[in-house]
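**Student:**
In this note's numbering, the protein residues as written are 141 to 1166.
1. Do you know offhand how far residue 1071's Cα is from residue 1101's?
2. What whole-angstrom Cβ distance do residue 971 and residue 904 have, given they're in contact under 8 Å?
3. Hey, residue 855 and residue 866: beta-carbon distance below 8 Å or not?
4. Since I believe residue 921 is in contact with residue 937 (beta carbons under 8 Å), could you give me their beta-carbon distance rounded to a whole number of angstroms?
5. Under the three-state reduction of DSSP, which class applies to residue 546: helix, strand or coil?
6. So, helix, strand or coil for residue 626, using DSSP?
7. Looking at the secondary structure, which residues open and close the alpha helix (DSSP H) in which residue 877 lies?
8. Out of 674, 907, 693, 1144, which one is the CA nearest neighbour of residue 1024?
9. List the residues that DSSP assigns as beta-bridge partners of residue 991.
10. Work out the CA separation of residue 293 and residue 799 for me, nearest whole Å.
11. Would you mind stating whether residue 988 and residue 953 have Cβ atoms separated by less than 8 Å?
12. Taking 8 Å as the threshold, find out whether the segment 682–696 comes into contact with the segment 705–715 through three or more Cβ pairs.
13. Just checking my contact of residue 385 with residue 372 at CB under 8 Å: how many whole Å lie between their CB atoms?
14. Alpha carbon to alpha carbon, how far is residue 983 from residue 992?
15. Report buried or exposed for residue 535, applying the criterion of at least 16 other Cβ atoms within 10 angstroms of its Cβ.
16. Just to confirm before moving on: does the CB-CB distance between residue 81 and residue 1132 stay below 8 Å?
17. How about residue 575 and residue 591: are their beta carbons less than 8 Å apart?
18. Evaluate residue 187 with the Cβ neighbour count: other Cβ atoms within 10 Å of its Cβ, from every protein chain shown; 16 or more gives buried, anything less gives exposed.
19. Using beta-carbon positions only, say whether residue 491 and residue 514 come within less than 8 Å of one another.
20. What are the uninterrupted segments assigned as alpha helix (DSSP H) that are 4 or more residues long and contained completely in the segment 190–215, given in chain order?
21. Assuming the contact rule is C-beta atoms closer than 8 Å, residue 654 and residue 671 should be a hit. Round their C-beta distance to whole Å, please.
22. Would you call residue 1116 buried or exposed, if buried means 16 or more other Cβ atoms sit within 10 Å of its Cβ?
23. Take the Cβ of residue 608 as the centre, count every other Cβ of all protein chains shown within 10 Å, and call the residue buried at 16 or more, exposed below.
24. Name the two residues that bound the continuous beta strand (DSSP E) containing residue 371.
25. Helix, strand or coil for residue 666, going by three-state DSSP, please let me know.
26. Tell me the residue span of the alpha helix (DSSP H) that contains residue 470.
27. Beta carbon of residue 857, beta carbon of residue 917: below 8 Å?
28. Verify whether the separation of the beta carbon atoms of residue 230 and residue 221 is less than 8 Å.
29. Just to confirm the assignment, what range does the beta strand (DSSP E) spanning residue 501 have?
30. Kindly provide the ranges of any beta strand (DSSP E) runs that are 3 or more residues long and lie completely inside the segment 710–776, ordered along the chain.
31. Around the C-beta of residue 172, are 16 or more other C-beta atoms found within 10 angstroms, so that it is buried, or is it exposed?
32. Thinking C-alpha only, which one of 998, 976, 313, 478 is nearest residue 256?
33. Report the three-state DSSP secondary structure of residue 1061 (helix, strand or coil).
34. If distances are taken between C-alpha atoms only, which option among 986, 706, 686 comes closest to residue 898?
35. Just verifying my parser: in three-state terms, what is the DSSP assignment at residue 331?
36. Which same chain residues, not among the five before or five after residue 281, have their C-beta less than 7 Å away from its C-beta?
As structure tokens, this is what we get:
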């Protein structure tokens, strides 16, 4: 029955598979036919709309060609306009509006007729505003107005014999429901249109709109079992998505396909039932009956439990072959049982005749079998040993298995060997060498197997041998002690004599080595201040050899003076230490006059040398050169001053950048509100330019004072060189001569920092020529083949600045890049030092060549870039939002207000926060309510509160998909250059303009093209703020 059931199930599964495959293959073909038919209908509908536009174009052409139209444009007689274009002419031509525009795109006259009522109404303002903002006088198509979509046709008005048009005529008709009804009847289709960005469209239009806007292709989507719809985008006059057209038709093709498949399935089921019945009859006779007889034979062998029985079966089919195989298996089992009996007999003889104790246990540690040797040694019979615990005969085994029988189940008792003692039945104690290992049955532990050997006699012999060995060792030890005492006395005497001879030499050598290893100068004198011993550092400090100085008066060879210029005598100081019998030290304002007339700062100390009675017999003077330590202390003071300047500059820059952000934001709002005053707009643009220059000066101040990692980008710096040079020399007596190779390579640079370097060098060149002159700025490509300072071999940009000043002396030339070194009366010594720091951080170097009365040339070497040039010169339009929600966090109320106004006017929904805690709470609440913020703008530093760095770490951990922009006036902060490592997707340094904020926000929210991605990168690298 199972076989018959399997056959029935197989037939059912085959039927299901055939049905599913027909659904997948055949219905897919019908769906494709339906989709192709719908695409053809969409094309018909588009052609119908295009035909209506051509009709309007024909009407416009007819009226534009009329002589009266040219006369009207010349005279502009509105009475003629009213008589030439009565209301009946509009309703008869089925047009809503006509407009006349002159060659300066000014509207001369217009008329709008409501075709539903047949009378004049005001012309829609949205149409007039679009004519004022965009030039549509040479295009035909669809124009989306606030009152609905309209078909537009335009024609130039040209008088015969003239080439230039004197104006343009524009006619239009609303593409409303009535018009769509006419088109539906023409095409025999159900047509409807919807504005692409309207929010109250039907649900199917709302769902299909994102796909249509993304790929601009036709989409076919079944509505239900009876209707299928096709959707396509109708572009407006500007090429933008204007309308979504929906075409509906009945699903006749699809329903016919389903009917065909259902008929095929019914026929297949009937054929399956018939074939199944025939198959079952054949299986019953040919297979199931023989199998039943085979099963009966096997059961009889099993019940008899005899492998000598065989199955009686005839035939040569597969079942007969199975019966023959079972008989062969019974033959093999019979042979295996005989071999097993023989093996068990051999093992039994080996087990019982062994000279060692053999035993086995179960998993509980109970003895299950032993051999005859166990009975012989212990005196117990096999019956007394079996079923008793192993620990009763081997007490020491409990020390090896403290948990009883538990180690038998683990590896604790596997392959262990140890000695143990047992007591026989007669009370005799035996020492056994016991080895235990685990015993397995069918892959599982079933007990222990142990072998024990009697080593009682062996241990007794070993103990006797050890006793004789210990006695011999005691005798040898007594004789060795006597000889050792004699040798010790003799050795002590020899050592005392040798030590006495070497003591003097060792003391002298130790003193010499000590003096040589001391880096300070050491001079020993006698009571008359004559030098008796001097080390090499002291001789080098004085500038004479040790042999020349030995025996001389210390006051003659060590001239010293105090901070006030008074001379100090070294011999008097040494005599004073001897007289007071106490050390003296001078560590401040003490200088040594060396042999080369140079003065170096030193520390001087003198201490008395005492004899064994404590009396002073001389002095030891120590001179330490502290010139290097003084220079290090001065350098640390300079570094601390520079760090203080950096902290002050960073704080000023941050506050000033917040002020500049508020200024530029208010300027943009004022410009947006003033649209009809060109003079005011020009003033606002100048004020904005001045604010941006103040921003650049602020960044130069931060870079000058603190350095900071450059925010590099691939840039063409030719314009940067020209603009910086000409800007610096404005109003000066010097003139610039700029020579730049046309094909100058690009470089990976921070344009702000490189501009500061060029500005500093040009300022220095101008100051070197008080009466004016020519400053030559040259930029060229060069290849360095050998290491030059920090530059490795490769391609470089060489920017040189040459002046015609008096030059730099050779002594000053080696120090011009040192911090605080300056030759100017009002200089601070930081300009060239900051220039060198900036160029080194860019992987380059600065070279300087100067000749007296000829001039000085500073050459900057910057590594050339192999990257493609960033697209950063394109003019950006101000994008509008699409009601996205934006969260702004900043501690400056002015910035929050300005950013909110700008973003709100452009269609965004803005929420503000003053610190990181408030921003986190607002973000979590919005996400909980299902209205997550589309983007977050965070200030990096909040005084006295959580800043953007800490808040972003929490938000990014909770929502890795967050789109966040970091904004800060601390442009040197590492987060600004490595913003992606902290979870941000873009960076907006302060101060920023309103259009920069809008462009970056649009790029983050709508990354649709590679061009926009490049724009986001340029924002991140600071391209719009250089």
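Beta carbons are placed, not taken as given, at the ideal position from N, Cα and C, and that holds for glycine.
Computed from a predicted model, the values in this text were never measured in an experiment.
**Tutor:** A quick look at the data gives this:
1. 14 Å
2. 7 Å
3. no
4. 7 Å
5. Because residue 546 carries a pLDDT of 49, less than 50, the predicted location of this residue cannot be relied on, and the following value inherits that uncertainty. Here residue 546 sits in helix by DSSP.
6. helix
7. Note, residue 877: premise wrong, no alpha helix (DSSP H); beta strand (DSSP E) at 875–880.
8. 1144
9. 995
10. 52 Å
11. yes
12. yes
13. 5 Å
14. 31 Å
15. exposed
16. With the chain represented from 141 up to 1166, any question about residue 81 goes unanswered, as that position is not in the structure.
17. yes
18. exposed
19. no
20. 207–215
21. Going by Cβ atoms, the distance from residue 654 to residue 671 rounds to 17 Å, so no, they are not a contact pair.
22. buried
23. exposed
24. 367–375
25. coil
26. 458–493
27. no
28. no
29. 497–501
30. 724–726, 730–733, 739–750, 756–765
31. exposed
32. 313
33. helix
34. 986
35. strand
36. 193, 292, 376, 377
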